[in-house]
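Reading through the structure tokens given below for one structure.
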Amino acid sequence: MKKYTHILYTLAVCGSIVACKPTVEEPAVNKGSLDVSTYVAVGNSITSGYADNALYYDGQQVSYAKLISEQFARIGAGEFKQPLVDPTSVGIGASGGAKLILAPHADCLGNTSLAPVPAATSGDLSIFASNIYASSGPFNNMGVPGAKSITTIYPGYGNPANGFGNFNPFFTRMASNPASASMLSDAMLQSPTFFTLFIGSNDVLLYALAGGASDAITPTAGAAGTGFDASMDAIVATLTSGGAKGAIANVPDITSVPYFTTVPYNGLVLTSQLQVDGLNAAYAPLGITFHLGQNPFIIADAAAPGGKRQITSSEFVLLSVPQDSLKCKQWGSVKAIPNAYVLTASEISNIQTAVSNYNTKIKNLAATYGLAFVDVNKFLTQVETGVVYNGVTLSTTFVSGGAFSLDGVHLTPIGNAMLANEFLKAINATYGSTLPLVDATKYSGVKFP
Amino acid sequence: MKKLLIGICMLSPVWLFAQGFQVNLQGQKQQAMGAAGVATNLDAASVFYNPGSVSHLEGNSVSAGVSLTSGSTAFRDGNSQQQYHTISPISTPFTGYGVWGPKDSKFKFGMGIYTPFGSTITYPNGWSGRYTITELKLLSVFFQPTVSYKINDKLGIGAGFVYGYGHIELSRDLPIANSNGQTSTANLTGTAGGMGYNLGVYYKPSDKLSFGISYRSEVKMKLNNGTATFNVPPSLATSFPSGGFSASIPLPQVLTVGVGVKPTEKLLLTFDANFIGWSSYKSLAFDYDQNTSSLKDTESPRNYKNTYALRLGGQYTLSDKFQVRAGINFEKTPIKDGYVTPEVPDADRLNYTAGIGYKPIDKLSIDASFSYINFMKRTDTNIETNMSGTYKTRILVPGLSLTYNF
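Chains W and A are the protein sequences, given in the same order. With the working numbering, the residue at position 163 of the first sequence is 180, and numbering never jumps. With the working numbering, the residue at position 377 of the second sequence is 378, and numbering never jumps.
This is the structure in structure tokens:
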């Protein structure tokens, strides 16, 4: 009996080690017509890995460009260098702040809830203190926070001599020569064999982020450096001049990101008849009435009678609106929400028209130059309704949706992974390659304390 | 005794087996013959295979058997093309049978304890499907008191009452990162019970020919006192309250018809066809006692379809002491395209079996079997989770039983 048991166990153990371990063969990884020995990514903050309102190390490590380069390693890519900041740094944002983290936050009413708060009182200014090109460049990741199509070709885009506000410190720290280099010229210094180009969002976004109160939408017409079309022509002609192949992404409808869609238009909740009566009396001359429950916020609008009106359901109150002012300082009711925190219907229309025009141009460029076309605009509309990846549902819902970081504009790590996959799918389809996609489940969404 | 047996089972969960999570390891002789056995009365395992043939067994007997299953599933993720292997401890589904009847009585009484459904599947840490499943342990033990009546030398009928006991444990990761970027986890565990019956008719018109038909009813395993445990970041603890949940899983009805033929005195051939009513498994639903905006009840579509299995086996008697057996069966998966999940990575499968029987003394028989189960490679994209990839599973099952006749 013992002997039999012994034999059976031996069979079982051998079986599990040898015969029983099945294998599913890996499909061959073909490069198709790709040469990715020198991959350069040209773009803006999304390309740089900027997230949570700052450029910081962990975000850079999961930039979609970096993730693409890791898949390119399967077909002979060289090193992919990024202008990394210190791993322990709180990073720095376009307006000088530190990265945002989720933390308990007490509002003006004394209620504590989780909210995005800066990880430090100020951003890490040391990031802008020195140029790191000599020590760690040239940089394959030419994603520069704040860059537009028109600024991509500006010589001296990182030149401090231009004066505050007229140069981009994110480029200053990584440029080969801040006084004379453009993003495009530094990209070309590396003689790329493959490029990705994802630029144009800021040509409308900076206007949108400011509620249309500052910055301007880049016009389609105009010379290179002024107009979108000519600038894009110049960028693509230059990037392909050495025979490089590439992928070009279009511009998403930025008004569907959480920065614009999170604060409800009818967030003015009235709970007492006293409040209703008071507001009705105050706004009687403007013909605006209020009722118990949810009411549209009152916004500033110079064109409206009295300079105030109710916001409509198709307009946006921006995520940047000070919540305490809404809750405790009568913003949106007695006081109108200032224009800088509101996108009106006409501003939204301006943005969407521009995006549509940009995307027509980008699609034409992709066709003309035979580039892989990445339809980021379409992808974002899919995320709006929710996409599912290996059991993970991602949406554009702020924080819980998982795709967008705490600034409501830039992506989480898993959002970046999903974007990288859109690039990879387009590249495979265009160049006959069979690159595996990024395993997006390895990357997280928003982090909770 | 019951408690002890349950205890043993809990320690030795059953590897995912046969169509869906049906396990076909209920008797070493039958296992060796392609798991065909409705039209034969080889031993006390007929309590499971056909209660009608129990009345035609000679004498009384008790038997105990165990199968050492070891298997592995390979999954290659369709997006990343990374391959993962399940971690598969050897598990030991077991059987225990007893058959007794007063001498010269037309009645025989039987008791069967067996594991008709079960699955243990564990995926490696950090695998690409961890938000759908990291581990599933599903175990059922059926207790079947049985009575069988010999109408005459050619015809027997039998019926058994089935009480099913089940244990389920399901773990998965939740895509919620803490401040260190680590994911959260959910663990659902509980015990379930259900009842059913097992009916059989055995007809043996001659020494060379026998027929059998059996019907095992559906057993709806209801789990009402489950425990859901969530390991989430502290700030979300109130959104994911650990607590009770309920669920139910139908273990399907099975109709089996078969024939046994003895071309010569020494050779026995058997053929069984199973018709399995898996279409009752529509969805896997978890109803949490306490819902929050983050923790909602879930209902995942399964939509299994009715399916079948064909089993062919043979036994050759070498001498008074030795018998050899072999068989083959084909089991058609109940899982439609679009519904394959890593928790039950099922596919059509071919099962090759062999075995020996040895009688050292007249009252004792030792039976051993060996099964090699080869799943067809299956590529699928799940409609609920978008899990996409290719599965390939193989299982080896050596087994042994002892039967004492008196």
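All C-beta atoms, glycine included, are put in the ideal place defined by N, C-alpha and C. Since this is a predicted model, take the numbers as computed values, not measurements.
Could you check which residue in the options has the C-alpha nearest to that of residue i?
i	options	result
Val274 (chain W)	W:Val107, W:Ser461 and W:Ser422	W:Ser422
Ser284 (chain A)	A:Glu170, A:Thr342, A:Gln316 and A:Gly261	A:Thr342
Asp220 (chain W)	W:Val405, W:Gly182 and W:Tyr375	W:Tyr375
Glu385 (chain A)	A:Tyr359, A:Ser301 and A:Ser320	A:Ser301
Gln145 (chain A)	A:Asn275, A:Ala45 and A:Asn179	A:Ala45
Thr410 (chain W)	A:Ser149, A:Leu175 and A:Leu43	A:Leu175
Ala15 (chain W)	W:Thr189, W:Gly160 and W:Ser231	This structure cannot speak to residue 15 (chain W), because chain W is shown only from 18 to 466.
Val416 (chain W)	A:Ser295, A:Leu156 and A:Gly339	A:Ser295
Ser208 (chain W)	W:Asn183, W:Thr257, W:Ile170 and W:Ala225	W:Thr257
Asp69 (chain W)	W:Val253, W:Phe307 and W:Gly425	W:Gly425
Leu309 (chain W)	W:Lys459, W:Gln292 and W:Gly114	W:Gln292
Asp267 (chain A)	A:Tyr353, A:Thr230, A:Ser280 and A:Lys209	One point to set straight first is that residue 267 (chain A) is Lys, not Asp, in the sequence displayed. When only C-alpha atoms are compared, the closest one is A:Lys209.
Asn185 (chain W)	W:Ile252, W:Ile109, W:Ala299 and W:Phe440	W:Ile109
Ser153 (chain W)	W:Ser112, W:Ala198 and W:Pro100	W:Pro100
Lys297 (chain A)	A:Tyr204, A:Pro242 and A:Lys109	A:Pro242
Thr239 (chain A)	A:Gln183, A:Ile374 and A:Asn292	A:Asn292
Determine whether the beta carbon atoms of residue i and residue j lie at a separation below 7 angstroms.
i	j	result
Asn61 (chain A)	Phe272 (chain A)	no
Gln82 (chain A)	Glu96 (chain W)	no
Ile118 (chain W)	Ala136 (chain W)	yes
Val334 (chain W)	Val280 (chain W)	yes
Ser450 (chain W)	Gly173 (chain W)	no
Ala274 (chain A)	Val258 (chain A)	yes
Ser129 (chain A)	Asp456 (chain W)	yes
Ala261 (chain W)	Thr213 (chain W)	no
Gly349 (chain W)	Ile315 (chain W)	yes
Phe215 (chain W)	Gly60 (chain W)	yes
Tyr282 (chain A)	Leu256 (chain A)	no
Ile329 (chain A)	Thr308 (chain A)	no
Pro269 (chain W)	Ala317 (chain W)	no
Val55 (chain A)	Gly113 (chain A)	no
For residue i, which residues in the same chain have their Cβ closer than 7 angstroms to its Cβ, ignoring the five residues on either side in sequence?
i	result
Ser337 (chain W)	Tyr358
Glu150 (chain W)	The question names Glu, but residue 150 (chain W) is Tyr in the sequence shown. The residues are Met191, Ala192 and Ser193.
Phe390 (chain W)	Ile265, Lys380, Ala383 and Ala443
Tyr67 (chain W)	Gly76, Pro162 and His427
Gly191 (chain A)	Ile169, Leu224, Asn226, Gly227 and Thr228
Leu206 (chain W)	Pro155 and Ser193
Lys19 (chain W)	At Lys19 (chain W), the pLDDT of 49 sits below 50, so the modelled position is not reliable; the number obtained from the coordinates is stated separately. Same-chain partners within the cutoff: there are none.
Lys155 (chain A)	Tyr204, Lys205 and Pro206
Please go through the same chain and pick out, in chain order, the residues whose beta-carbon is closer than 8 angstroms to the beta-carbon of residue i, but skip the five residues on each side of it.
i	result
Thr402 (chain W)	Ser412
Thr189 (chain W)	Phe145, Asn148, Gly175, Asn176, Pro177 and Pro195
Ser366 (chain A)	Asp44, Gly358, Tyr359, Lys360, Leu403, Thr404 and Asn406
Arg91 (chain W)	Val46, Leu452 and Pro453
Cys10 (chain A)	Caution is warranted here: a pLDDT of 30 is assigned to Cys10 (chain A), below 50, making its placement in the model unreliable, and the coordinate value is therefore given only provisionally. Result list for Cys10 (chain A): Phe95, Thr116, Leu140, Val142 and His168, in chain order.
Ala94 (chain W)	Val53, Ser54, Tyr56 and Ser86
Between which residues of its own chain and residue i is the CB-CB distance below 6 angstroms, once the five residues before and five after are set aside?
i	result
Leu319 (chain A)	none
Lys393 (chain A)	Ala75 and Lys378
Ile91 (chain A)	Leu69 and Ser71
Ile250 (chain A)	Met222
Ile24 (chain W)	A caution first: Ile24 (chain W) carries a pLDDT of 49, below 50, which makes its placement in the model unreliable, though a value can still be read off. Excluding sequence neighbours, Ile24 (chain W) sits near nothing in its chain.
Cys31 (chain W)	Legend: pLDDT at Cys31 (chain W) = 45, less than 50; position of this residue unreliable, value from coordinates given subsequently. None.
Hey, residue i and residue j are a contact pair by Cβ (cut 8 angstroms); roughly how many whole angstroms apart?
i	j	result
Ser218 (chain A)	Pro466 (chain W)	With 8 angstroms as the limit, Ser218 (chain A) and Pro466 (chain W) do not qualify as a contact, their Cβ atoms being about 52 angstroms apart.
Leu360 (chain W)	Gly217 (chain W)	That pair is no contact at about 19 angstroms.
Ser468 (chain W)	Phe245 (chain W)	Limits of chain W in this structure are 18 at one end and 466 at the other, which puts residue 468 (chain W) out of reach.
Ser149 (chain A)	Pro52 (chain A)	5 angstroms
Ala355 (chain A)	Arg326 (chain A)	7 angstroms
Leu285 (chain W)	Asn312 (chain W)	4 angstroms
Ala310 (chain A)	Lys333 (chain A)	7 angstroms
Please list, in chain order, the chain B residues whose beta carbon lies closer than 8 angstroms to that of residue i.
i	result
Lys393 (chain A)	The structure shown contains no chain B; its protein chains are W and A.
- Item | Segments assigned beta strand (DSSP E), at least 3 residues, entirely inside the segment 146–226 of chain W | Taking only runs of at least 3 residues, the beta strand (DSSP E) segments lying wholly in the segment 146–226 of chain W are 158–160 and 211–215.
- Any beta strand (DSSP E) of 3 or more consecutive residues that is wholly inside the segment 317–357 of chain A: 323–332
- Runs of beta strand (DSSP E) wholly within the segment 343–428 of chain W (minimum 3 residues, chain order): 389–391, 404–406 and 409–411
- Message: Give the list of continuous beta strand (DSSP E) stretches no shorter than 3 residues that lie fully inside the segment 68–140 of chain A.
- Response: List check, beta strand (DSSP E) in window: 71–78, 84–86, 95–101, 108–115 and 119–123.
- Query: At which residue ranges does the segment 241–321 of chain A contain complete beta strand (DSSP E) runs of 3 or more residues, listed in the order of the chain?
  - Reply: 244–252, 255–262, 268–277, 284–289, 299–302 and 308–318
- Inside the segment 221–294 of chain W only - alpha helix (DSSP H) runs reaching at least 4 residues: For the segment 221–294 of chain W, whole alpha helix (DSSP H) runs of length 4 or above, ordered along the chain, are 245–256 and 275–278.
- Query: For the segment 300–324 of chain W, which segments carrying the beta strand (DSSP E) assignment without a break, of at least 3 residues, lie completely within its bounds, in sequence order?
  - Reply: 310–312 and 315–317, all fully within the segment 300–324 of chain W.
- Task: Tell me the start and end of each unbroken alpha helix (DSSP H) in the segment 45–95 of chain W that is at least 4 residues and wholly inside, in chain order.
- Result: With a minimum length of 4 residues, the continuous alpha helix (DSSP H) runs that stay inside the segment 45–95 of chain W are 62–65, 74–78 and 81–89.
- Item | Entirely enclosed beta strand (DSSP E) segments - the segment 177–207 of chain A, minimum 3 residues | 184–207
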